[in-house]
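Heads up: the structure comes next, in structure tokens.
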Amino acid sequence: MEENKKTNQTLSVEELKVKGNECVKDGKYIEAVLHYTQAIKMDPNNYLLYSNRSFAFLKLDQHYLSLQDANETVRLQPQWAKGYFRRAEVEAASELYDEAIISYTRALQLDPQNVKLMESIKNISDMQKKKIKDSQNIIWICTCVGLIFGIGIVVLDYSLTANPTLSHPFSMVAFALALAGMGWAIGKSVNLMSSMSAGKSLQPPEDLGVNDNSNEKDTTVPEKKSKYSKAQARQRYKQGKL
1 MEENKKTNQT
11 LSVEELKVKG
21 NECVKDGKYI
31 EAVLHYTQAI
41 KMDPNNYLLY
51 SNRSFAFLKL
61 DQHYLSLQDA
71 NETVRLQPQW
81 AKGYFRRAEV
91 EAASELYDEA
101 IISYTRALQL
111 DPQNVKLMES
121 IKNISDMQKK
131 KIKDSQNIIW
141 ICTCVGLIFG
151 IGIVVLDYSL
161 TANPTLSHPF
171 SMVAFALALA
181 GMGWAIGKSV
191 NLMSSMSAGK
201 SLQPPEDLGV
211 NDNSNEKDTT
221 VPEKKSKYSK
231 AQARQRYKQG
241 KL
């Protein structure tokens with residue numbers, strides 16, 4: 001039986017792809033990536049392999065690597081709708097909804113009868129609308145909390161202190177509005193941080209060292225300095241001391 005076993009080095013590209021597909025079905029995504037990678041080394045222009053590996057990387061939440069393979073799929077076969085679909089899936093998972101809609105739309109242009117693409121565009125559009133609505137709600141909630149907090153301070157200051165700090169109606173209103181403005185600013189900051197986090201998972205992993213040679217160490221072995229000059233070394237050699 002040992003003689004009938006084939007290692008990855010002896011398997012054909014098609015056999016490696018089939019093995020990778022089987023691993024994906026079984027949820028063994030790391031093994032699938034290894035099979036696809038071995039196949040790509042043998043056939044680097046096979047766009048199907050990049051597409052399959054992109055899916056496996058996406059399942060492993062390796063969005064950067066998944067997007068790289070999706071882009072390579074599109075480069076190798078720009079008229080294949082599934083390449084753009086792969087790219088859209090990664091962009092959607094990274095919360096880049098605008099970019100995902102563009103990629104889905106491009107895929108639909110190449111495959112107009114694909115119901116799954118139509119559903120994907122609808123779903124991502126709904127997610128984008130929900131995100132916008134949630135952002136607006138956050139701003140309104142923070143503003144209202146700030147206003148209520150400001151009014152509460154004014155009321156407590158006026159009713160519990162003998163000499164209220166805010167005695168004039170104008171100063172009371174201004175103080176309450178100022179806290180409401182602070183709440184609005186906090187809400188905007190929260191939304192800004194949320195928008196900045198979108199697409200963060202597409203940054204290259206640190207261990208890849210992509211476009212970064214600053215951490216490369218100089219592995220050159222330094223020459224051992226001699227404590228003798230060349231003339232002294234020759235003299236010692238002749239005397240048999242070296």
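Take the sequence shown: its letter number 187 is residue 187 in our numbering, and every next letter is one higher.
Beta carbons are placed, not taken as given, at the ideal position from N, Cα and C, and that holds for glycine.
Note that the structure is a prediction, hence the values are computed from the model and not measured.
Answer with buried or exposed for residue i, where buried requires no fewer than 16 other C-beta atoms within 10 angstroms of its C-beta.
| i | result |
| --- | --- |
| T10 | exposed |
| D134 | exposed |
| Y29 | buried |
| I132 | exposed |
| L117 | buried |
| R257 | An answer regarding residue 257 cannot be provided, because it is not within the stretch 1 to 242 covered by the chain. |
| S66 | buried |
| S119 | A small fix is needed here, since residue 119 is Glu in this sequence, not Ser. Burial call: exposed. |
| G27 | exposed |
| D168 | One detail in the question is off: residue 168 reads as His in this sequence, not Asp. By the 10 Å Cβ count, H168 comes out exposed. |
Please classify residue i: does DSSP put it in a helix, a strand, or coil?
| i | result |
| --- | --- |
| N52 | helix |
| N46 | coil |
| Q203 | coil |
| T73 | helix |
| H63 | helix |
| Q38 | helix |
| K25 | helix |
| Q68 | helix |
| P169 | helix |
| W184 | helix |
| L11 | coil |
| M193 | helix |
Do the CB positions of residue i and residue j come within less than 8 Å of each other?
| i | j | result |
| --- | --- | --- |
| N46 | V13 | yes |
| I148 | W184 | no |
| A34 | D43 | The sequence as given places Leu at residue 34; Ala does not occur at that position. Contact flag unset, no. |
| L60 | E89 | no |
| A81 | I124 | no |
| Q128 | Y97 | yes |
| A56 | A32 | yes |
| F170 | G150 | no |
| G152 | A180 | no |
| L110 | Q79 | yes |
| I37 | S54 | Residue identity differs from the one stated: residue 37 is Thr in this sequence, not Ile. No, the pair does not count as a contact, with Cβ atoms beyond the cut-off. |
*Taking the runs of the alpha helix (DSSP H) that are 4 residues or longer, which of them lie wholly in the segment 95–163?*
Unbroken alpha helix (DSSP H) runs of no fewer than 4 residues, entirely contained in the segment 95–163, are found at 97–110 and 115–160, following chain order.
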